[in-house]
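> Attaching a single structure in structure tokens format; questions to follow.
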Amino acid sequence: MAKILLVEDNEMNRDLISRKLKRQGFEVVLAVDGAEGIEKANDETPDLILMDMGLPILDGYAATRLLKGNEQTRGIPVIGLSAHAMSGDAGKALEAGCDDYDTKPVEWERLLPKIRQALEQTAAAAPDPHDLATTTLGSGFTAGSPPARVLVVDDSPMHREVLSRRLGELGYVAETAEGAFAAWQRLAEKPFDAVLLDVTLPGSSAKEVLGQLKSDARQGDIPVLVTCPVDAVDDAIGCLRIGADDFVPQPFHAEVLGARLGSSLERRELREKRKTFDGVVNGEERHSEHLLRVLFPDPIVEELKATHKILPRRHPDVAVLFCDVVDFKTLCDLSEPLEVISSLQALVAAYEEVLERHGMLKVKTVGDSLMAVRGLFPQVPNPALESLRCAFELKETAAKLRPQWNLRLGLHVGPVVAGVVGRKRYQFDLWGSTVHTAAEVKARGAVNAVNVSAAAWQRVAGSAAGNALEGTGGDEAIYRVDRLTA
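Taking our numbering as reference, the numbering of the sequence shown is continuous, increasing by one, and the terminal residue is 492.
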């Protein structure tokens, strides 16, 4: 049974993740901050660490660096977890030493394969005690992958032979080219993982070859190490300035060659991982933004992205429209659930199309009731008239659907307070007497008609025909609008 150390400060996340891991057959050790995580890693020797990167006291980045710098814990794979899902977080975690990265909230169908892959790779990379006596310095092999292929570009037959032999001893597959032209032929024929380039190459200078290689879209990311005699170190440094990854001095010592080539290949692998994870994070960002735009109006989303908060605001002139279905409860009581939801879904989808055509913002639906506004984002000269046109189209659209819906609509105009409430489930909403009055107009208004308050009627009377409902008058009058005249 594999042992996993979960370092997570959030009690709910800690409980949910640990219970899921235990159900998957893992033994789980818990730590609540980076300092405790390091202590538990040394005491418990887990097979894998799940590290929250946003920890208190000692954050996950610093804790991972310390773990990877400790001989006792550096071999334990660390998967970083972050709730931010911001561009660059994956790269930052990998640079700190994490072996992999994922976002929160946890998606188990994505995280579990990463956990199992990390455990399998660690098991495959563990040395057999019986083979320790014959272990070489090479890093040309990665668990589960073929040996790295290295192209040696050098005009000296002796250097090509020595480097090929050294690379073979280190576990790499070496091929050679005696000049720039032959090198380009080899690179065109097959892929290579690294290039050893003689800095004193005749004909074409090493800088020219390096420049062409780094500017090639297909080959530009291949690590290039320049080889040089002692008296050509300045030339090697010049190559480093224009893109070479490292240099290997002559004579060619296996330890130096293995360390520098292995380091260059690891950096390339890290860059590839970073690209992959940046792509994942960018995809998560797009998904998160889509969800935000489903929940909130676009200006609210832009404010949240820019400031990481949403300030409540008073809007002085907003038309609030309520619309609900007459006797919807009867349909619910007498119909199958699927029929109820299918019918309601068709109605709400039709609502949304009408609202979009009229520039209305759907605030929410509660049961069969719709709340929409005009004049919030952006402000308009006469939001009541714009909303009235929308109300008539809503009524006409509902009458064409099956079942045929009878609506009750209420409209009022005035100031509102708008903002976002909630801690776990956010809700954008409006408050104030304008909202209350619009709901009252709808509730007391005529069935299958567009009803407006006295304040709204003053704003639309020049473009509509209608009459005050019997029993209403003064500032509390409710007008039934029969038709638009303009």
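Beta carbons are placed, not taken as given, at the ideal position from N, Cα and C, and that holds for glycine. All figures in this text were calculated on a predicted structure; none of them were measured in a lab.
Does the stretch 237-249 touch the stretch 274-294, meaning 3 or more C-beta pairs lie closer than 8 angstroms?
Judged by Cβ distances under 8 angstroms, the stretch 274-294 makes no contact with the stretch 237-249, as fewer than three pairs qualify.
> Between which residues of its own chain and Arg-116 is the CB-CB distance below 7 angstroms, once the five residues before and five after are set aside?
These residues qualify, in order along the chain: Asp-108.
> Starting from Gln-85, trace the alpha helix (DSSP H) in both directions and tell me its first and last residue.
With the sequence shown as reference, residue 85 is identified as Ile, and Gln is not the correct amino acid for it. Run containing Ile-85: none in the alpha helix (DSSP H); it sits in the beta strand (DSSP E), 84-88.
> Find out if the Cβ-Cβ distance for the pair Ala-449, Ala-483 is shorter than 7 angstroms.
Contact: no.
> Are the Cβ atoms of Val-326 and Val-441 separated by less than 7 angstroms?
Closer than 7 angstroms, so yes.
> Measuring straight from C-alpha to C-alpha, what distance separates Ala-452 and Glu-476?
Spanning the two alpha carbons is a distance of roughly 10 angstroms.
> Let's test the definition: count the other Cβ atoms within 10 Å of the Cβ of Phe-187 and tell me whether it reaches 16, buried, or not, exposed.
Label assigned to Phe-187: exposed.
> Quick one: using the 10 Å Cβ neighbour count with 16 as the cut-off for buried, is Pro-387 buried or exposed?
Pro-387 is exposed by the Cβ-count criterion.
> Consult DSSP for Ile-484 and reduce its assignment to one of helix, strand or coil.
Three-state result, Ile-484: strand.
> Can you tell me where the alpha helix (DSSP H) holding Glu-167 begins and where it ends?
First-last of the alpha helix (DSSP H) with Glu-167: 163-175.
> Does DSSP put Asp-241 in a helix, a strand or coil?
In this structure, Asp-241 counts as helix in the three-state DSSP scheme.
> Can you tell me the Cα-Cα spacing of Ala-250 and Gly-217, whole angstroms?
If you take the alpha carbons of Ala-250 and Gly-217, they lie about 9 angstroms apart.
> Can the beta-carbon of Phe-253 be found less than 7 angstroms from the beta-carbon of Arg-172?
The answer is no: Cβ separation not under 7 angstroms.
> Evaluate Val-236 with the Cβ neighbour count: other Cβ atoms within 10 Å of its Cβ, from every protein chain shown; 16 or more gives buried, anything less gives exposed.
Val-236 should be labelled exposed.
> Using only CA atoms, which one of Pro-153, Pro-152, Glu-181 and Gly-177 lies nearest to His-165?
For His-165, the nearest C-alpha among the options comes from Glu-181.
> According to the neighbour-count rule (16 or more other Cβ atoms, all chains shown, within 10 Å of its Cβ), is Trp-463 buried or exposed?
That one is buried.
> Report the three-state DSSP secondary structure of Phe-283 (helix, strand or coil).
Phe-283: helix per DSSP, three-state reduction.
> Over what stretch of residues does the alpha helix (DSSP H) that includes Glu-33 continue unbroken?
It is not in any alpha helix (DSSP H) - Glu-33 instead sits in the beta strand (DSSP E) that spans 33-37.
> What residues match up with Glu-402 in a beta bridge as DSSP calls it?
Partner(s): none; Glu-402 has no beta bridge.
> Would you mind reading off the limits of the alpha helix (DSSP H) that contains Asn-48?
First-last of the alpha helix (DSSP H) with Asn-48: 40-50.
> Of all the options Phe-32, Leu-176 and Ile-44, which has the alpha carbon lying nearest to the alpha carbon of Ile-121?
It is Phe-32.
> Would you say Val-458 and Leu-417 are within 7 angstroms of each other, going by their C-beta atoms?
It is a contact, given that the beta carbons lie within the stated cut-off.
> Can you grab the Cα-Cα spacing for the pair Asp-241 / Arg-29, in whole Å?
Cα to Cα, Asp-241 sits roughly 59 angstroms from Arg-29.
> Tell me the rounded alpha-carbon separation between Phe-328 and Ala-455.
Looking at the two C-alpha atoms, the distance is approximately 12 angstroms.
> For the alpha helix (DSSP H) that His-418 lies in, which residues bound it at each end?
Run containing His-418: none in the alpha helix (DSSP H); it sits in the beta strand (DSSP E), 413-427.
> I'd like to confirm the pairing. Which residues does DSSP put opposite Thr-182 in its beta bridges?
Its beta-bridge partners are Val-158.
> Which ranges does the beta strand (DSSP E) cover as unbroken runs of at least 3 residues, wholly within the stretch 303-358, from first to last along the chain?
Complete beta strand (DSSP E) runs here, min 3: 319-331.
> Should Met-59 go down as buried or exposed, given a rule of 16 or more other Cβ atoms within 10 Å for buried?
So Met-59 ends up on the buried side.
> Excluding sequence positions up to five away, which residues of its chain have a Cβ less than 6 angstroms from the Cβ of Pro-83?
Hits under 6 angstroms: Leu-54, Asp-105, Ala-124 and Thr-128.
> Which residue marks the beginning of the alpha helix (DSSP H) containing Asp-21, and which one marks its end?
Residues 17-29.
> Do Lys-368 and Ala-378 count as a contact pair if the criterion is CB distance below 7 angstroms?
In this structure, Lys-368 lies closer than 7 angstroms to Ala-378 by Cβ.
> Can you tell me whether Ser-439 is buried or exposed? The criterion is at least 16 other CB atoms within 10 Å of its CB, across all chains shown.
Under this definition Ser-439 is an exposed residue.
> I'd like to know whether the C-beta atoms of Ala-47 and Thr-79 end up nearer to each other than 7 angstroms.
The answer is yes: Cβ separation under 7 angstroms.
> Rounded to a whole number of angstroms, what is the C-alpha to C-alpha distance between Val-205 and Gly-177?
If you take the alpha carbons of Val-205 and Gly-177, they lie about 24 angstroms apart.
> Pairs of beta-carbons, one from the stretch 263-273 and one from the stretch 224-239, closer than 8 angstroms: are there three or more?
Yes, they touch.
> Buried or exposed for Met-57, going by 16 or more other Cβ atoms inside 10 Å?
Flag for Met-57 reads buried.
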